[in-house]
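J.: Chains as they are written, first to last, in the working numbering: chain A, 1 to 305; chain B, 1 to 225. Just so you know, even glycine gets a beta-carbon here, dropped at the ideal spot from N, CA and C.
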Amino acid sequence: MFHSVSFLRIIKTGLVNFTRNLWLSAAATMVMTITLVIFSTLFLLFAITSFSLQSIQNTVDISVYFKIGLAEEKIQALEQDIQSNPKVKEVKYTSAEQAFQNFKDKHASDPLITQSLNELTENPLPATLNIKANTLEDYPAIASQLQDAKYQEVVDKINFEDNRVVIERLNRILKFIVSFGVGLVAVFSLIAILVIFNTITLTIYNRREEVEIMRLVGATNWYIRGPFLTESFLYAISATVLCSLIFLPVFVKVLPKVAAYVNPQVNLFNQNIFNFWYLVLILLALSLFLATSSTLLAIRKYLKI
Amino acid sequence: MIKFENVSKQYNKSKALDGINLEIHHGEFISLVGLSGAGKTTLMKLLIGEEGIDGGRILIDDIDISKVKKSDMPFLRRKIGMVFQDIKLLPKRTAFENVAFAMEVCGHRKEKIYEDVPKILELVGLMHKRDDFPHQMSGGERQRVAIARALAHRPVLLLADEPTGNLDEVNANEVIDLLLKINQLGTTVVLATHAADLVNKVKKRVITIENGRITLEQEKGRYKL
Chain A
1 MFHSVSFLRI IKTGLVNFTR NLWLSAAATM VMTITLVIFS TLFLLFAITS
51 FSLQSIQNTV DISVYFKIGL AEEKIQALEQ DIQSNPKVKE VKYTSAEQAF
101 QNFKDKHASD PLITQSLNEL TENPLPATLN IKANTLEDYP AIASQLQDAK
151 YQEVVDKINF EDNRVVIERL NRILKFIVSF GVGLVAVFSL IAILVIFNTI
201 TLTIYNRREE VEIMRLVGAT NWYIRGPFLT ESFLYAISAT VLCSLIFLPV
251 FVKVLPKVAA YVNPQVNLFN QNIFNFWYLV LILLALSLFL ATSSTLLAIR
301 KYLKI
Chain B
1 MIKFENVSKQ YNKSKALDGI NLEIHHGEFI SLVGLSGAGK TTLMKLLIGE
51 EGIDGGRILI DDIDISKVKK SDMPFLRRKI GMVFQDIKLL PKRTAFENVA
101 FAMEVCGHRK EKIYEDVPKI LELVGLMHKR DDFPHQMSGG ERQRVAIARA
151 LAHRPVLLLA DEPTGNLDEV NANEVIDLLL KINQLGTTVV LATHAADLVN
201 KVKKRVITIE NGRITLEQEK GRYKL
């Protein structure tokens, strides 16, 4: 009971500090909010860009079309060759029969196609090999390996769609967002720390008599520090709430459209990184970190205990 | 109860206290006299741990206070009440609230505060002023509120540093009478002052400090420099 009474009094004093200098509190909250908004914007840009990059990267692969009527052993020999290449991540073989079956299943509802398929005496489709590399840079090497003369008798065609130009551009954007973003967030974090530092210093100055008496009558150190920390936590929480309110419409209205544009097959909201509460949590952690560090600095410098 | 053993303290190479040996017993009333800057205030600051000791040691009930952890210092201060020449009341709080403040910040429950504070105000004779703000009271009354606040934790020792320094004779006498009364009730009192007539009136143990050294100790003494 002893502790909960003290705890409530600390919270109460912190609240009083927060409301007593309303304009100062508003300024501190605003600077913190601006920092959080900048952070959130960059965070979202980063998330969308990296999501796009991922989507495009997943579409990149090499398709090898084999000549029709080849013996399975020859295909398997090539498959093993490819698989032994350390740059290859995954190889997926589709036999000619399988390809034919897939094609039939896909068009089962179309009577015209079904009918014409039935009239075929032999399978017109080739066996294929789908190859995925570990990294994008590995694709050209694998493609050139496949163009080797010893494969010419089995390979009919190699299909390698080179998206690397787009991907590199996205990568550059991503790198820019990260470096520019880290810089911008750092600058504004510093401003936020300075403003909160000043606000808390002013509160300490305004309450210097009270603090002196508290010490003399034997208040514990944390009882004296507590209200200043509470005050800065209130700045952090208010800023988080404000910033979240600004970004909630973005999440609800804008993001689904962006996601549909980038990749219609994947629901953006299933991805952790796009979860709204995830962002709120990050914002809260960031703002509490800024508030705590600046307050501890102010306390260290100006609060004599 | 309190023992100073060869205690010294320096501020930027000037000696504030130099080889102080002093023993204060339970229930004593000690007048600490000397000119301004003689070391009276420093001696009190050392006792409540506000300043560190440069040499020797201070024992309170056999506890060496330089060995008390910083985080435990507040609990030592609750056992030692202190009043000052500049009184240090909170101007925006009433007499009652000023006394209650001392109990609040130490985590006492509201019920306990409402039970204890009126008793303390009664003791210092200011129950009728409980809802007055400091600016509505006389200097003597303010100092008595400060004494009440110092008593809120039922300290074993009350340090009064020039408590009458800003008061006229009538008010000063009121304060001294109150200190004597508190002493009679069992609290040890150390009164630092340079008001000769008050010391002569008290007629208790007098310790004279000059330039950071104890130069005279008298039982039932008079002010002498």
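On the premise that Thr164(B) lies in contact with Thr193(B), defined as a C-beta separation below 8 Å, what is that separation, rounded to the nearest angstrom?
T.: About 7 Å separates the two Cβ atoms, so the contact holds.
J.: In chain B, which residues lie less than 7 Å from Thr220(A) when you measure between Cβ atoms?
T.: In chain order: Pro74.
J.: Is Leu284(A) close to chain B? Criterion is C-beta to C-beta, closer than 7 Å.
T.: So no, Leu284(A) is outside the interface.
J.: Cα separation between Val178(A) and Asn17(A)?
T.: Looking at the two C-alpha atoms, the distance is approximately 37 Å.
J.: Check distances from the C-beta atoms of the segment 205-238 of chain A to those of chain B and list, in chain order, the residues that come in under 9 Å.
T.: Listed in sequence order: Glu209, Glu210, Glu212, Ile213, Met214, Arg215, Leu216, Val217, Gly218, Ala219, Thr220, Asn221, Trp222, Tyr223 and Ile224.
J.: Would you mind reading off the limits of the beta strand (DSSP E) that contains Ile65(B)?
T.: Run containing Ile65(B): none; DSSP gives neither H nor E here.
J.: Quick one, which of Phe4(B), Ile207(B), Glu217(B) and Val124(B) has its alpha-carbon nearest Leu185(B)'s?
T.: Residue Val124(B) is the option with its Cα nearest to Leu185(B).
J.: DSSP puts Phe4(B) in a beta bridge; with which residues?
T.: Answer is Leu22(B) and Ile58(B).
J.: With H, G and I counted as helix, E and B as strand and the rest as coil, what does DSSP make of Asp156(A)?
T.: The answer is strand: DSSP assigns Asp156(A) an E or B state.
J.: Hey, would you say the C-beta of Ile20(B) is under 6 Å away from at least one heavy atom of the ligand NAD?
T.: Among the ligands in the structure shown, none appear at all, so the ligand NAD cannot be discussed.
J.: CB Ala186(A) to CB Leu290(A), shorter than 7 Å?
T.: No.
J.: Spell out whether any CB of chain A is found under 7 Å from the CB atom of Ala100(B).
T.: With 7 Å as the cut-off, Ala100(B) does not count as an interface residue toward chain A.
J.: Nearest-angstrom Cα distance between Asp18(B) and Gln218(B)?
T.: Taking the straight line joining both Cα atoms gives about 20 Å.
J.: So the candidates are Asn221(A), Leu174(A) and Leu129(A); which of them puts its Cα closest to the Cα of Ser71(B)?
T.: Looking at the Cα atoms, Asn221(A) is the closest of the given residues.
J.: Any C-beta of chain A within less than 8 Å: which residues of the segment 148-172 of chain B qualify?
T.: So the list reads Arg149, Ala150, Ala152 and His153, given in the order they occur along the chain.
J.: Taking a cut of 7 Å between CB atoms, which residues from the segment 5-16 of chain A lie near chain B?
T.: Cβ contacts with chain B: Val5, Ser6 and Arg9.
J.: Let me know if Ala102(B) comes out buried or exposed under the rule of 16 or more other beta-carbons within 10 Å of its beta-carbon.
T.: Buried, by the Cβ-count rule.
J.: How long is the line joining the alpha carbons of Ser244(A) and Ile173(A), rounded to whole angstroms?
T.: Roughly 26 Å between the two C-alpha positions.
J.: Which first and last residues belong to the beta strand (DSSP E) in which Lys89(A) is found?
T.: Taken as a continuous stretch (DSSP letters only), the beta strand (DSSP E) holding Lys89(A) covers Val88 to Thr94.
J.: Do you know offhand how far Glu73(A)'s Cα is from Ser55(A)'s?
T.: Approximately 35 Å between the Cα atoms of the pair.
J.: For chain A, find out if any of its Cβ atoms is closer than 7 Å to the Cβ of Gly56(B); answer yes or no.
T.: No - not a single Cβ of chain A is within 7 Å of the one on Gly56(B).
J.: Within 10 angstroms of the Cβ of Ser31(B), are there 16 or more other Cβ atoms? Answer buried if so, exposed if not.
T.: Label assigned to Ser31(B): buried.
J.: With Leu158(B) and Gly39(B) assumed to form a contact (beta carbons below 8 Å), what rounded beta-carbon distance in angstroms separates them?
T.: About 20 Å separates the two Cβ atoms, so there is no contact after all.
J.: Cβ of Arg205(B) less than 7 Å from any chain A Cβ?
T.: Not an interface residue.
J.: Considering only residues of the same chain and omitting the five flanking positions on each side of Phe46(A), which have a CB-CB separation below 6 Å?
T.: Closer than 6 Å at Cβ, skipping near neighbours: Ile177.
J.: Reducing DSSP to helix, strand and coil, say where Arg213(B) ends up.
T.: It is a strand residue.
J.: Chain D partners of Met82(B), CB-CB under 9 Å?
T.: No chain D appears in the structure shown, which is made up of the protein chains A and B.
J.: When burial is assigned at 16 or more other CB atoms within 10 Å of the CB, is Arg77(B) buried or exposed?
T.: The residue is buried, with at least 16 neighbouring Cβ atoms inside 10 Å.
J.: Quick one: what does DSSP say Leu62(A) is sitting in, helix, strand or coil?
T.: Reading off the sequence, residue 62(A) comes out as Ile, not Leu. Three-state result, Ile62(A): strand.
J.: Cα separation between Ala260(A) and Asn171(A)?
T.: The straight-line gap from Cα to Cα measures roughly 21 Å.
J.: With DSSP collapsed to three states, give me the class of Phe29(B).
T.: Reduced to three states, the DSSP call for Phe29(B) is strand.
J.: If you draw a straight line from the alpha carbon of Asn200(B) to that of Thr42(B), how long is it in whole angstroms?
T.: Between Asn200(B) and Thr42(B), the C-alpha separation is close to 23 Å.
J.: Between Asn189(B) and chain A, is the shortest Cβ-Cβ distance under 7 Å, so that the two count as touching?
T.: Per the sequence shown, residue 189(B) should be read as Val rather than Asn. No, its Cβ sits nowhere closer than 7 Å to a Cβ of chain A.
J.: Among all the DSSP beta bridges, which residues are the ones paired with Arg205(B)?
T.: Paired residue(s): Ile30(B).
J.: Under 6 Å Cβ to Cβ from Ala99(A), same chain only, skipping five residues before and after it: list those, please.
T.: Closer than 6 Å at the Cβ level, and outside the excluded window around Ala99(A), lie Leu125.
J.: Closest by CA to Gly107(B), which one among Ile48(B), Pro74(B) and Glu5(B)?
T.: Here the closest residue by C-alpha is Pro74(B).
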